[in-house]
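Numbering (the numbering used here), first residue to last: 720 to 763. Ideal placement from N, C-alpha and C gives every residue a C-beta, glycine not left out. In what follows, a structure is listed as structure tokens, so that the remarks can point back to it.
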């Protein structure tokens, strides 16, 4: 019984902290490609 209560409390804190610290909702997708290491075909 006590284990279940502490586990529930821990999970509530875990998900609340994770939700508040998550960067997924605040970051907008960028229009530029993530990596530009490969040259364009015209630059060869």
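The alpha-carbon of residue 740 is positioned some 24 Å away from that of residue 724.
Around residue 738, the same chain offers no residue with a beta carbon nearer than 8 Å, after the five sequence neighbours per side are excluded. DSSP places residue 735 within a helical segment (H, G or I) once states are collapsed to three.
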